[in-house]
Amino acid sequence: LALHCMYNEIANEHLEKRKAKVRIYSLPWINGEIRKLMNKQYKQLRKAQITNSPVDWKLYKDLRNEVHRKLKRAESMYYLETLENIRNGRTLIFDDTEANTLNQFFSTIGENHASNQEENVNPLSYICRVTPVIDVDFPVEAFSRKLKSVNPKKAHGADSWSAKEIKIAGIIWTDIRNAENMNSFKLALKKKSRLMETNSYIKRQCNNLNRRTEDLIYY
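Reading the sequence shown from the start, the letters are residues 11 to 229 in the working numbering.
1) Only counting the same chain, and skipping five residues up and downstream in sequence, which positions put a Cβ closer than 6 angstroms to that of LEU90?
2) Helix, strand or coil for LYS27 per DSSP?
3) DSSP on THR118, reduced to helix/strand/coil?
4) Please report the straight-line C-alpha distance between GLU128 and ASN113, rounded to a whole angstrom.
5) What is the DSSP secondary structure of SER86, counted as helix, strand or coil?
6) Between ASN122, PHE116 and LEU81, which has its C-alpha nearest GLU43's C-alpha?
7) The alpha helix (DSSP H) with LEU37 in it runs from where to where?
8) Can you tell which of VAL77, THR107 and GLY120 has its C-alpha closest to the C-alpha of LYS46?
9) Do you know how far the Cα of GLN51 is from the Cα of HIS123?
10) Excluding five sequence neighbours on each side, which residues of the same chain lie with their C-beta closer than 7 angstroms to the C-beta of GLU85?
11) For LEU93 and PHE115, I'd like the C-alpha separation in whole angstroms.
12) Is the number of C-beta pairs between the region 68 to 77 and the region 53 to 60 that are closer than 8 angstroms three or more?
13) Just verifying my parser: in three-state terms, what is the DSSP assignment at GLN51?
14) Which residue from LEU25, MET48 and LYS27 puts its Cα closest to that of GLU36?
15) Just the C-alpha distance for GLU108 and SER125, rounded to the nearest angstrom, thanks.
16) So what's SER159 in DSSP terms, helix, strand or just coil?
17) Where does TYR228 fall in DSSP's three states?
18) Is DSSP giving SER203 helix, strand or coil here?
19) Reducing DSSP to helix, strand and coil, say where GLU129 ends up.
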């Protein structure tokens, strides 16, 4: 026990911790070369996020594009070889024959899959563990930095929050926490419009920002 505690103290002090992404089910067309390239891409991404250097971001984008190309090429070759291996020399040329063949194949997928399953399997074994909220580490500073770095030109998601509003909300939240005036952002105005239209536009923007600020404070 004493040796084990001594080893843990030395390891925690001198050995560098390593992060690794592990996939339980790997795609059949991913080989060792692609997997090494994906790990290299992930390491470069982590480095670019820390340094925020344009050179590191360019290297990451080049690796990402190369991984994407190799994945698409390997996927195409996998399906091509699969189709070549299952050919039996017959060509279906009639519509009803093609339809019956497809129906027969898809109607037996569930039956064939069920016959290959083991008996007396606990359904709960297929459920992955969900991390409790109390165990989740929420880095506020890192989250605030990510909010400020959001690209305002991107489209919003299912929550109807646009990227511009998220970025402004991050700035507002920082000002509220630091007890500062909310003057670190400015509203975009239309370049060509009449005076009444401009005033109406400003009111709509201000009302929208007020509503987002209330959401941050009360919820």
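All C-beta atoms, glycine included, are put in the ideal place defined by N, C-alpha and C.
Nothing here was measured: the structure is a model prediction, and the numbers come from that model.
Per the coordinate set shown:
1) none
2) coil
3) coil
4) 26 angstroms
5) helix
6) LEU81
7) Where LEU37 is concerned, there is no enclosing alpha helix (DSSP H), given that its DSSP letter is neither H nor E.
8) VAL77
9) 36 angstroms
10) TRP39
11) 15 angstroms
12) yes
13) helix
14) Note on residue identity: the sequence assigns Ser, not Glu, to residue 36. Checking every option, the nearest Cα to that of SER36 belongs to MET48.
15) 26 angstroms
16) coil
17) Caution is warranted here: a pLDDT of 43 is assigned to TYR228, below 50, making its placement in the model unreliable, and no coordinate value can be reported.
18) Here the model assigns SER203 a pLDDT of 47, short of 50, so the residue's position is not dependable, and the following value carries that caveat. In this structure, SER203 counts as coil in the three-state DSSP scheme.
19) coil
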